[in-house]
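Numbering (my numbering), first residue to last: 284 to 439.
The beta-carbon is built from N, C-alpha and C at its ideal position, and this holds for glycine as well.
Please read these numbers as outputs of a predicted model, since none were measured by experiment.
One structure is given below, encoded as structure tokens.
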């Protein structure tokens with residue numbers, strides 16, 4: 284057995300094996316590795332885009348929440364303002380109604396007072412006539428009659 288021939292044979296077989304691997308096996312493996320590398324890079328890029336989108340969505344959600352709170356505060360302020368206005372309108376309407384009822388009551392009181400005065404005048408006139416009849420039946424004295432009528436006028 285010759286050490287040199289075996290070494291040369293093994294070297295030639297190794298070279299053929301390397302050439303065969305580089306020609307037929309290496310390209311598909313490198314293609315698969317490149318595809319996997321590209322897929323991993325795309326996944327990482329998508330993860331970064333997703334992270335950025337999440338941050339953007341969180342920021343938009345926070346902005347929307349602030350805007351909603353501001354709008355809610357405005358709506359509450361408007362509702363409170365409207366409630367105060369309704370209460371004020373009700374107070375004004377109640378005061379007007381009270382004033383109207385007071386005026387009606389005052390007019391009614393004035394009317395009743397006028398009726399009472401008229402009634403009193405009629406009664407006084409009847410008393411004057413009755414007093415005049417009594418005076419005329421007793422005596423006919425112009426001075427006494429004038430004094431009595433003056434007293435009646437003063438009393439009225």
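Could you tell me the distance, in whole angstroms, from the CA atom of residue i to the CA atom of residue j?
{"i": "residue 393", "j": "residue 358", "result": "51 Å"}
{"i": "residue 395", "j": "residue 361", "result": "50 Å"}
{"i": "residue 376", "j": "residue 391", "result": "22 Å"}
{"i": "residue 351", "j": "residue 316", "result": "51 Å"}
{"i": "residue 386", "j": "residue 369", "result": "25 Å"}
{"i": "residue 232", "j": "residue 293", "result": "The structure shown does not extend to residue 232, since the chain is modelled only from 284 to 439, so the question has no answer here."}
{"i": "residue 304", "j": "residue 314", "result": "14 Å"}
{"i": "residue 388", "j": "residue 356", "result": "47 Å"}
{"i": "residue 416", "j": "residue 427", "result": "14 Å"}
Using a threshold of 7 Å, state whether the C-beta atoms of residue i and residue j are closer than that.
{"i": "residue 412", "j": "residue 435", "result": "no"}
Length at least 4, wholly inside the segment 298 to 341: the alpha helix (DSSP H) runs in chain order
Listed in chain order, there is nothing to give.
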